[in-house]
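Quick note: to get our numbering, add 50 to the position in the sequence shown (first position is 1). The beta-carbon is built from N, C-alpha and C at its ideal position, and this holds for glycine as well.
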Amino acid sequence: MVKIRLNACCFCISLRRGCIGIAFFDVIVNLVIILLGPQELISQPERAVCICHCIGCVMLLLGALIQSTVLLVFYLITSFVNTAILIICFIIQTVSNLSVRFHVLIFVVVLTAINVYFYIIAYSYYQQVNTPFEEDDEA
51 MVKIRLNACC FCISLRRGCI GIAFFDVIVN LVIILLGPQE LISQPERAVC ICHCIGCVML
111 LLGALIQSTV LLVFYLITSF VNTAILIICF IIQTVSNLSV RFHVLIFVVV LTAINVYFYI
171 IAYSYYQQVN TPFEEDDEA
């Protein structure tokens, strides 16, 4: 089993501060998608998932502030679902339309990569909070 655990966000920011920043950034991105996203590109299920993920981001913020693994898990779940729905809706739109614009493809690829990185940061912080005093045996 592959163990991915980072020690810092962007190589220099603590995981806790990184999670706080991620929460704010992710809420802003999802609100922009909800409020300003074109109706023909953003479906109603995608908007609903974005709203749920905004709630997950609030849970990430609270989880980072009070170091609660339960709240962090809620964010991890909404982040996974958000990314999966993004990819599934893009595939469905591509298959049904067959004329996907290049900028939409780039947007989906970049957003997916960012979501995966944010997930890894939040999961690493979850591991840190869950086992704060455990030493790495492989060092």
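Extent of the continuous alpha helix (DSSP H) run through residue i
| i | result |
| --- | --- |
| G68 | 65-86 |
| T162 | 152-180 |
| Q94 | 94-116 |
Opposing strand residues paired with residue i [DSSP bridges]
| i | result |
| --- | --- |
| C59 | I63 |
Cβ-based burial, residue i [other Cβ within 10 Å; buried from 16]
| i | result |
| --- | --- |
| L155 | exposed |
| T128 | buried |
| N180 | exposed |
| L115 | exposed |
| S174 | buried |
| C59 | buried |
| H153 | exposed |
| F124 | buried |
| L85 | exposed |
| A73 | buried |
| F168 | buried |
| I70 | buried |
| N132 | buried |
| V166 | exposed |
| V159 | exposed |
Proximity winner among the options, relative to residue i (alpha-carbon distances)
| i | options | result |
| --- | --- | --- |
| G87 | F157, C102, I171 | F157 |
| I164 | F152, N80, L121 | N80 |
| C139 | L110, I92, H153 | I92 |
| Q94 | F75, L136, I171 | L136 |
| L111 | R55, L126, V145 | L126 |
| A172 | G113, A98, C102, Q89 | G113 |
| L161 | N57, I54, I83, L56 | I83 |
| E96 | L56, K53, A134, N57 | A134 |
Does the region 167-178 come close enough to the region 62-80 to have 3 or more Cβ pairs within less than 8 Å?
-> Judged by pairs of C-beta atoms under 8 Å, the region 167-178 touches the region 62-80, as three or more such pairs exist.
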